[in-house]
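The structure appears right after this line, and notes come after that.
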Amino acid sequence: MNTPHKYPKILVLFYSKTGHMLKMARSIAKDAENSGADVRLRKTPELAPRDVIEKTSEWKAIYQSMSDIPDAVIDDLVWMDGLIAGAPTRFGNMAAPMRNFWDLTGKLWMEGTLIGKTVSVFSSAEMVHGGQEATLLATFPTFFAHGLIIVGIPGNIKELYSSGSYYGALSSGEPNDTDLLVARHMTNRMIDVTKKLRC
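In case it helps, the working numbering puts the sequence shown at residues 1 to 199.
Right, here's the structure in full:
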C-alpha cells in the first residue's frame, strides 16, 4: 500500500565499465536531488572476477572511482517510488550485471511489490548506432512484467533532434552536454509523474 509522503524516493541504478554510464548516473542523481527527490545512487554488483578487472588499467580506474557508490540490493527496489535505470549496450541488450540483478527479483514479481512504481531508462554505446535504442527497448518487458509504469521523453524536447530517444536518454561514447540535458529533461518529467502517482 502506498503511504503518502512529500518527496518521491528515486533510485538511480546503473552499471558502468568505461565510466560513461557512471557520468550520466551521477548527473541524473544530482538533477533528481535538485528536483526535491530523496535519491539513492546505486550500482549493480560487478560479475567480472577482480583479477580480470585488475588486468585492464582503464577498467580498474573506473571500478575504483565508484568505490563511494554502494552496490544495489533488492531492498532498494522496495524502498523506491521511482527508478531511473541505466546500462550500457551489449549487442542490443542490457549489460549482464544489470540483467543479473533483475533476474534476482522473482520474489518482488510474485508479491507485486513494484506495481504502480515508475521507471525511466538510459543507455550508452561507443558508436552512434551501437544499439542504444534496442537496449532501452530490451528493458521494457522486464519492467512491464513487474507492473512498473514507463516514463519516456516527449517529442517537444528540442534536444531530441540531436540526442536521446522517446524511450530514454542516450549517449554515444562519453556523454556530452546535450546528452546530459536530455537526461535532465527525462529525470524532471519522471519525478513529476512520480509525485502525481505516489506522493
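Backbone N, C-alpha and C define an ideal beta-carbon position, used for all residues, glycine too. As the structure is a prediction and not an experimental result, all values here were calculated from the model.
Residue i, buried or exposed, once every other Cβ within 10 Å from all chains shown has been counted against 16
i, result
"aspartate 31", "buried"
"glutamate 133", "buried"
"glycine 164", "buried"
"phenylalanine 144", "exposed"
"aspartate 192", "exposed"
"tryptophan 102", "buried"
"tyrosine 167", "buried"
"tyrosine 161", "exposed"
"arginine 184", "buried"
"aspartate 81", "buried"
Residue i to residue j span [Cα, whole Å]
i, j, result
"proline 154", "valine 73", "31 Å"
"asparagine 156", "valine 52", "44 Å"
"asparagine 188", "valine 121", "13 Å"
"histidine 20", "aspartate 71", "18 Å"
"threonine 18", "asparagine 34", "26 Å"
"alanine 48", "threonine 56", "12 Å"
"leucine 41", "tryptophan 109", "22 Å"
"proline 141", "isoleucine 149", "12 Å"
"methionine 186", "alanine 87", "16 Å"
"methionine 1", "alanine 169", "For methionine 1, the predicted structure reports a pLDDT of 48, less than 50, and the residue's modelled location is therefore unreliable. A value from the coordinates is still provided. If I take the Cα positions, the gap works out to 31 Å."
"histidine 5", "lysine 196", "11 Å"
"cysteine 199", "tyrosine 7", "7 Å"
"threonine 89", "glutamate 126", "9 Å"
"glutamate 174", "threonine 135", "17 Å"
"glycine 92", "methionine 190", "24 Å"
"valine 151", "glutamate 54", "38 Å"
"asparagine 176", "isoleucine 69", "22 Å"
"leucine 83", "leucine 137", "16 Å"
"valine 12", "leucine 77", "10 Å"
"tyrosine 15", "lysine 43", "6 Å"
"isoleucine 10", "aspartate 75", "13 Å"
"methionine 98", "serine 67", "18 Å"
In DSSP terms, what residue i is bridged to
i, result
"isoleucine 150", "Val119"
"threonine 89", "Met94"
"glutamate 77", "For the sequence presented, residue 77 should be read as leucine rather than glutamate. DSSP, once it has assigned bridges, lists no residue as partnering leucine 77."
"aspartate 177", "According to DSSP, aspartate 177 bridges with nothing at all."
"aspartate 31", "Answer is none; aspartate 31 lacks a bridge partner."
Residue i in three-state terms, based on DSSP
i, result
"methionine 1", "Note on methionine 1: pLDDT 48, under 50, position unreliable in the model; the coordinate value appears next. Of the three classes helix, strand and coil, the one that applies to methionine 1 here is coil, per DSSP."
"phenylalanine 144", "helix"
"glycine 201", "Nothing about residue 201 can be reported from this structure: the residues present for the chain run from 1 to 199 only."
"glycine 82", "strand"
"alanine 72", "coil"
"valine 128", "coil"
"lysine 17", "coil"
"isoleucine 157", "coil"
"leucine 114", "coil"
"lysine 55", "coil"
"lysine 6", "coil"
"leucine 104", "coil"
"leucine 136", "helix"
Given 8 Å as the limit, is there contact between the segment 53–70 and the segment 109–126, that is, 3 or more CB pairs closer than that?
no
For the segment 22–30 against the segment 178–185, are there 3 or more C-beta pairs whose distance is under 8 Å?
yes
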